[in-house]
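>
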Amino acid sequence: MKIAVIGSGNVGGALAVKFVQKGHTVLIGAKFPLSDKSIALAQKIGEDRFTSVEHAVKQCEVIVLATPAPLAVEVAQSLGDTSGKVIIDTMNIVMGRGPQGFTNTADAILAHTATREVVKCFNTTGFNNMQNTQYGNTVIDCFVAGDSERGKEIAQQLALDAGFGACYAIGGNDKFQLMEQFAWFWINLAMFQGQGREIAFKLLKR
Ligand SMILES: NC(=O)c1ccc[n+]([C@@H]2O[C@H](COP(=O)([O-])OP(=O)(O)OC[C@H]3O[C@@H](n4cnc5c(N)ncnc54)[C@H](OP(=O)(O)O)[C@@H]3O)[C@@H](O)[C@H]2O)c1
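Residues in the sequence shown are numbered consecutively from 132, following my numbering.
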């Protein structure tokens, strides 16, 4: 797949490395001059992948948004024409810090882009778990929500490519909020209840 990753920090960097390792064509839509985080990522995957946000989007069919939640509207507006493209939103509004007038970032993106194919994925766990999905012999899972069936299929494939054991679809756009609450559940356990970042979710079945 041709994937534009917008945001070259913890999440964007972790996912970009995994997608490159899997053989995808990855472009990073970045701010110039490159920040220290961008330079660190460029040293891993090559500076030639770094381009403007609009150019990265134009070249790619899938767009992964991994920028700060308060900038969701600004970043959505900077993408250019997204018609027919799939956007995967990894962002979370944490402690009220998000785009004004929205209760989750995916709704903000939908309101400010042409594409209707916006899904939310990779937001329910820490970036450290994207870098390493293994816990001993267990491989952790992730989750996706959105009305776009194509978007969910693509996100599920990319989750497997990134090393997750499975990526469970939890419903449509009406579950965007639940995805952010689930992220908050992880953040609460990890940061505020003292469990630390090296925790993750796995769906057990019998
Ligand atoms: N950290 C986690 O464990 C985690 C887990 C799941 C979801 N999330 C969510 O993922 C998102 C990113 O988190 P993070 O920890 O990766 O943040 P981060 O390390 O601060 O990275 C944010 C990136 O966004 C870039 N950026 C900011 N404005 C931009 C713009 N207008 N155009 C292009 N790039 C822009 C920054 O570029 P510069 O480097 O040039 O400033 C930076 O590379 C957040 O919404 C967060 O809620 C985080």
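Cβ coordinates follow ideal geometry from the N, Cα and C atoms, glycine included.
In this text the structure is predicted, and so the values were computed from the model without any measurement.
(1) Who does LEU165 pair with in a DSSP beta bridge?
(2) Which first and last residues belong to the alpha helix (DSSP H) in which LEU146 is found?
(3) Alpha carbon to alpha carbon, what distance is there between LEU291 and LYS189?
(4) Can you pull the DSSP bridge partners for ARG228?
(5) With ARG180 and ILE159 assumed to form a contact (beta carbons below 8 Å), what rounded beta-carbon distance in angstroms separates them?
(6) To the nearest angstrom, how far is the alpha carbon of LEU165 from that of SER214?
(7) Please determine, among LEU334, LYS162, VAL270 and CYS191, the residue with the shortest C-alpha to C-alpha distance to VAL206.
(8) With H, G and I counted as helix, E and B as strand and the rest as coil, what does DSSP make of LYS332?
(9) If we ignore side chains and look at the alpha-carbon of each, how far apart do GLY302 and MET222 end up?
(10) If you compare alpha carbons, which of PHE323, CYS252, ARG281 and LYS216 is closest to GLY143?
(11) Closer than 8 Å: is that where the CB of LEU158 sits relative to any heavy atom of ligand 1?
(12) Using only the alpha-carbon positions, how far apart do ALA197 and MET322 sit?
(13) What beta strand (DSSP E) runs, 3 residues minimum, are completely inside the stretch 275-322?
(14) One question on the structure: do ALA237 and LYS149 come within less than 9 Å of each other, judged by their Cβ atoms?
(15) Could you give the first and the last residue of the continuous alpha helix (DSSP H) run that contains MET203?
(16) Under the rule that 16 or more other beta-carbon atoms within 10 Å means buried, what is THR234, buried or exposed?
By the coordinates alone:
(1) Residue pairing from DSSP leaves LEU165 without any beta-bridge partner.
(2) 141-152 is the span of the alpha helix (DSSP H), which, as asked, contains LEU146.
(3) Distance between LYS189 and LEU291, taken at the CA atoms: about 25 Å.
(4) ARG228 is bridged to VAL225.
(5) Contact check for ARG180 and ILE159: beta-carbon distance about 5 Å, within the 8 Å limit, so the pair qualifies.
(6) The alpha-carbon atoms of LEU165 and SER214 are separated by roughly 28 Å.
(7) Minimum Cα distance to VAL206 is reached at LYS162.
(8) Note that residue 332 corresponds to Phe in the displayed sequence, not to Lys. Of the three classes helix, strand and coil, the one that applies to PHE332 here is coil, per DSSP.
(9) Distance between GLY302 and MET222, taken at the CA atoms: about 18 Å.
(10) Out of PHE323, CYS252, ARG281 and LYS216, CYS252 has the C-alpha closest to the C-alpha of GLY143.
(11) False, no ligand heavy atom lies under 8 Å from that Cβ.
(12) Each residue's alpha carbon lies about 20 Å from the other.
(13) With a minimum length of 3 residues, the continuous beta strand (DSSP E) runs that stay inside the stretch 275-322 are 298-300.
(14) The answer is no: Cβ separation not under 9 Å.
(15) Reading off the sequence, residue 203 comes out as Ala, not Met. Taken as a continuous stretch (DSSP letters only), the alpha helix (DSSP H) holding ALA203 covers 203-208.
(16) Label assigned to THR234: exposed.
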